[in-house]
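Going from the sequence shown to my numbering is simple: count from 1 and add 96.
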Amino acid sequence: MKFILAGQPVWLFVNSGKALWEPALVVEIDPLTVQCIQNGQTIQLENTVRLTERKLFDPNTENLATIPDESESALLFALRKRFDAKRFYTFTGDVLIVLNPYDTLSTIYDNKVQELYRQSNNLNSLPAHIFSVAQKALLRIENGRSKHESICFCGESGSGKTYNLMYCANYLINSSVQHNAKRATIVQQLESVERVLDAFCSARTLKNMQGTRMSYCLEMFYRNAMLIGFSVHTMSQQHQQVQFQQIQIHVEPSRIVGQRIGECNYNVFYELCSSMDINEKHKLGLKSEQQHFYLNQGKVSMDSMMLRQKYENLCTSLELLDISEHQQDFIQRILAAILHIGNLFFKPIKQKIGTVNGTNTQSSDNAMIGVEIGNEQELKWCAYLLEVDLESLHQLLTQKQVKINEEGETALVPLNIEQALDIRDSFAQLLYEQLIDWILQRINAATTKGCNFVNNNNVARVVLTDCYGFERSTSVNGFEQFCINLYNERLEWYYQQKVLREIQWEYQKDNVSGIDMQSIQWFNNEPVIDLFLQRPNGLLPTLDDESKFPKALAARYLQQCILNHQQSPRQLFTTKATVTTIASVTTGKTSMDKYEFAIRHYAGQVWYDCAQFVEKNRLQIKWETIKLLVNSQNTSIAQMFRCLTTNNPKSAQQQQSDGIIYVAQRYNQAAKALIDKMNKGNVQFVRCMRSNQEREKLKFCPQTVARQLRSLSLLATTNNHRLGFPYRESFDRFAVRYRCLLPLDIARYQTVYELSKDILEQQGNKFQQHYRLGKMQVFMREPLREHLETRRDALLDSSAIVIQKNIRRWLAERKFAKKRHAVIVLQSGLRGWRARREVDRRRKEIRKTIDMETRNIRRLNLYAETAEGCENNTAIIAEHNRTTELSSIADGHLLQMRREPIATPFLHKETEIEFNQSLEMFAMILQYMNNTQMSCEQLAILGKAIIQLALDNPTQRDELLVQLCAQTYHNRVKNNADKAWTLLLGAINSFTPSSQLYPPLLNYFEQQTPNLSRQLIDSLLRQPIGNKDLPKSRYFAPTFLEQASFKQQQATVLRIKCADKSEALFEVHSWMTADELSRRCLQMRGIGDPDGWTLSVENEYFAIHAPGHCFVYDILAQMEQKSENNNGIFVIFDNSINWKASRDSEKVTEKETLQKHGSNDDDTQPNDILSNHFMTNGKLQPRQEQQSVISQRTIQYVPQERHNDLYAESKLKESNYRTFGTDTSNNDENATKIPPLPPPHWDPNLHGQQQYQQHQQHDL
């Protein structure tokens, strides 16, 4: 440090040998004096070399990733403070750190604490605990987010892995089983499994009084978030020789036959010998534990009373796991047989020349060295307990079969002492391994109730893994430590991949920047894995190759290791020995006193003695051994070993060959299988640490904890969580999980990327630096993720409350209705038969009253007040002003102009056909408004098609009006908006809106410009709402003449010709009926009684005589259709007979009229033409110009009697052919302008006195 201030917090280096830093405070600058915070000691320093900067933080934090100080000393200081406060669990990111206090703390695991974590909605607000890890896994199972959860307990031997695993399993059982009786049963089974594993798979070691000598998985099975069972198993091996693939290595096989000083065999042997009385021992031939060779090598004395109590608990546990007394006797016989096998010893003998299996065997000295069993009594006990043939057992231990020729003939060759001892030890190891396998099968049958959940994909599971603890002795370590440390090396590699490397790969793949990766450093153990496993020169392949030699030597193995790895650049492999020549090695003469080498593990350098590596790595299984046990008179023993032969697909000859199991390779394969299993789903790590080396209660050793902090890469884990973005979700999953935080309208029309971005930006500037958006994923830090989860949980809670409230109300109403019904039934029963007449009378009165009230309510309908036309428009408008806006009618749509098709209709639809019709209709509207390549004729035809679609489908009428209103809403494109308004006018003049849509539609029209609003409202109010005799819609879409008037926003004019050849021009709106037009014409002619008169439309070929109640433009629309059949709404008559005569007379009359009045028509304009002078742009045109573009039609006025005669005559016609043409004469010089929307077949070359002429041919 360069600058020091008084009172500044610093880290003080106090122990150079252990590299520890203590928190201190600068007291004085001159001289430099600091005070240690731990003990208050004041130290005077010469310079600042031993000082580094320290940041202040709360050491009692539950997550070390929140500490601002990025040094290892800060982590150690925080752990020490928490340990002193008896808080032994601490999170660093998502990884749980456990400090083993070597004390029983039952209060932090009781039911109250479990319930606290079980009911919590925010686990991060609670103290760090193993229950928190279990609850996270359980929540993912219950929510369906995962079907495979793993919790990996790893650390050094004696760090409390098994202890925490059992409490974690107990929590999962109590949290997942509802029935108390079933829960108690499963808890008892779990405690029994713990006791059985402690007896058969645990042993005393130099590091641990109860060290678990097997790596196993406790697998919990769930269906519908409920626990249905659990199983215990080791990782299966699938890569051994075929005939021995069924043989499992569950525990350390070498511990069964030999132990180092200070260590013991498996606990069950000592418990068995200590718990039996003299009679029971006599039945099995047992003695005290010190009289059995397999039990006295460690020279450890044990408490017999404690062993007796443990064995009683073991028997009780076996009974709870459905292992009967008979089966327990079977277990005792196997264990006793193993002890008797260990007591066998051999003496060398010389065997003379003789015949073996009918073959003469000779040697150079006429004799060969063999062995004989020195204690035949032990051999007899073995044969008795295993129920096998004594002679076969004796032959197995003293002789071996060898082939003497190619025909397969064999001879018995005596074994030497070393071979006999190997056969003896492998025999005991095979028995114990198969016994463990048999016990695990019985346990799983009891805990799973005989069901096989291993390959069931419909079952979720939580896997708790208890791994071998890393071992490093101050003295030289052996083969067992070599295998266990290899196992831990592979698990540490997996931890680095999942926690450290994987997130960095995701950063690179998604191009996420802004992360200081230089601060995240750890020991990369991939080269150590390569040192062990890389072929062909790795330590394991070299060991396997050396073990294949009949005369394998540890010196030769070490020689190969030195040659291959001594010069490695990272110095992962070192040795003190001097390299010898291969010749000296092969002769067995070497200059190395000890076969030692060191490997630089992730946890530090460890020295190994490889003197017995070859012997312990090679577990030789003779076929005669399996054959002997299969032929046992004990059916349980025979069945136990029969599976090793029945599942073998090899031939019988191949089965009879011996096999070798390479133990170190089995450890490696077990680690790989465990990693593959954890890769199936989410995995959480629990890093267990020893608080001191002496196993003293509540003692914190800084050196021990600091060493484990470095070996477990906890500083890199903390920095990775603090500086990086450890939580990631794909855009799809993120949007699905958190889209509820956005309003519904926004969340419905966005992509997953836009949704994710909006969700994150909505959280405010406080969390701006807590997330990054990659190409495919969202990266977050813990504060943001916790904030999102908190908001989501609160929203879900409030939504659940609303649902529950309504359900409770519904249940209460139903309950009240049932009670009310019951009361009514009781009341009616009590009244009896005397009151029945009175009840009937009253019921009739009530029904009449209800009928009258219903009729009165119907009369109050708003539209009933408009029966006399538009006189009550003021009342209607006042009612409409009280309605809501038009946007409230649309089903989740915003009222705005769109250029893209819609995904859903604006209004609710009952069927899929109506749904698709709405979408197609909007697509036609978009084409009508946006297609600039269409001619006027095509636009007119498309407009008629759109409106006709709504006329044919009444459910689409309101939909069309709402769609057109949306397209006109704030539409700034004038040409686009004019088309939409033209189409909307056509729709308003074709059908009436529903009662729900009428008020908001009228309100929307009132908001437009005055001229446009007046035309829209007039069209809306002219509709026959109150007239029950008239239909609510027209039969046909607006004619081309109407569309031209809508586009110019002017009234249409029709020329009416009476029977006396007199003509007049009338302004006719779209909702005018034939009766109304006849009445106006006759009133102008002075005829008071219009009854009996009607209208007819005719041309050169056809004529239509309209009924009085039909709409005038429906008649013209049918004339516009191209049809040769007489199947339309109106009957078409043949007019070719009368047309020529009537036209000749008209020409004569017209000529006389022109001569009389002249050619100028300006002075003869009808008085009843009412021209509308409004445009969308608000500009007025001169009256003369407006009249010049007024579209006109000719209609023949015919008396009613003529109509009836023509109708009767038309019944004789099978088909009619017609064309409809309208001639409009205008002699004005300025009358040559082309109308805004010419009708179909418009010919611009036609000029003269006629302004335009239509030639139409339609299909009916």
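Think of the CB as a built atom: it goes at the ideal place given N, C-alpha and C, for glycine as much as any other residue.
- For D1156, count neighbouring C-beta atoms within 10 Å of its own C-beta (all shown protein chains included) and say buried if the count is 16 or more, exposed if not. exposed
- Query: Taking all protein chains shown into account, do 16 or more other C-beta atoms lie within 10 angstroms of the C-beta of P119, making it buried, or fewer, making it exposed?
  - Reply: buried
- Three-state class that DSSP yields for M372 in the structure shown: coil
- Message: At the level of alpha carbons, what is the spacing between V467 and K644?
- Response: 24 Å
- Item | Spatially closest choice to K862 from R881, N266, L582, by CA coordinates | R881
- For V122, count neighbouring C-beta atoms within 10 Å of its own C-beta (all shown protein chains included) and say buried if the count is 16 or more, exposed if not. buried
- Could you tell me how far apart the beta carbons of R538 and I419 are, in whole angstroms, since I believe they sit closer than 8 Å? 5 Å
- Just the C-alpha distance for Q337 and N217, rounded to the nearest angstrom, thanks. No answer about Q337 holds up, because its pLDDT of 41 lies below 50 and its placement is not dependable.
- Does DSSP classify T1328 as helix, strand or coil? Interpretation of T1328 is limited by its pLDDT of 33, a score under 50 that renders its predicted location unreliable; the figure taken from the coordinates is listed afterwards. T1328: coil per DSSP, three-state reduction.
- Task: Could you check how far apart the C-beta atoms of Q1111 and L1150 are, in whole angstroms? I think they sit under 8 Å.
- Result: Rounded, the Cβ-Cβ distance is 19 Å, inconsistent with contact.
- Item | Nearest-angstrom Cα separation, counted from D154 out to Y213 | 24 Å
- Is it right to say H917 is buried, meaning 16 or more other beta carbons lie within 10 angstroms of its own, or is it exposed? exposed
- Task: Look at F875 and R829 and say whether their C-beta atoms are less than 7 Å apart.
- Result: no
- Could you please give the first and the last residue of the uninterrupted alpha helix (DSSP H) stretch that includes C784? First-last for C784: 778-786, but that is the beta strand (DSSP E), not the alpha helix (DSSP H).
- Would you report the Cα separation of Q140 and L108, rounded to the nearest angstrom? 11 Å
- Where does the unbroken alpha helix (DSSP H) through V328 begin, and where does it stop? Counting along the chain, V328 falls outside any alpha helix (DSSP H), though it belongs to the beta strand (DSSP E) covering 322-329.
- In its own chain, which residues sit with a C-beta less than 8 Å from the C-beta of L1093, not counting the 5 before and 5 after it? I985, D1054, L1057, V1058
- Let me know if D206 comes out buried or exposed under the rule of 16 or more other beta-carbons within 10 Å of its beta-carbon. exposed
- Taking the alpha helix (DSSP H) that Y763 falls in, what are its first and last residues? 759-774
- Locate the alpha helix (DSSP H) running through E514, then write down its first and last residues. 513-543
- Indicate whether I1225 and F1198 have their beta-carbon atoms separated by less than 7 Å. no
- Message: Using CA atoms only, rank isn't needed, just tell me which of M1180, R1181, F1207 is closest to L1191.
- Response: F1207
- Query: When we look at the beta-carbon of G860 and count the other beta-carbons within 10 Å, is it buried (16 or more) or exposed?
  - Reply: exposed
- Residues bridged to G251 (per DSSP): C784
- Query: Nearest to C132 by alpha carbon, out of L175, V106, R927, I163?
  - Reply: V106
- Message: H436 and C478 - do their beta-carbons sit closer together than 7 Å?
- Response: yes
- With DSSP as the reference, label V273 as helix, strand or coil. coil
- Message: Comparing C-alpha positions only, which one of S169, H697, T670, K871 sits nearest to Y691?
- Response: T670
- Grouping DSSP H, G and I as helix and E and B as strand, with all else coil, what is D1185? coil
- Could you say which of H378, P798, F389, V726 lies nearest to Y366 if we only look at CA atoms? F389
- Task: With DSSP as the reference, label R631 as helix, strand or coil.
- Result: coil
- Between F821 and Q134, what straight-line distance do the alpha-carbon atoms span, to the nearest angstrom? 34 Å
- Would you mind sorting A896 into buried or exposed? The rule is 16 or more other CB atoms within 10 Å of its CB. exposed
- Task: Just mark K1358 as buried or exposed, buried being the case when its beta carbon has 16 or more other beta carbons within 10 Å.
- Result: Nothing about residue 1358 can be read from this structure; the chain reaches only from 97 to 1356.
- Give a yes or no on whether the C-beta atoms belonging to V328 and L659 are separated by under 7 Å. no
- Query: Skipping 5 residues on each side, what residues in its chain have a beta carbon closer than 6 Å to that of Q104?
  - Reply: V122
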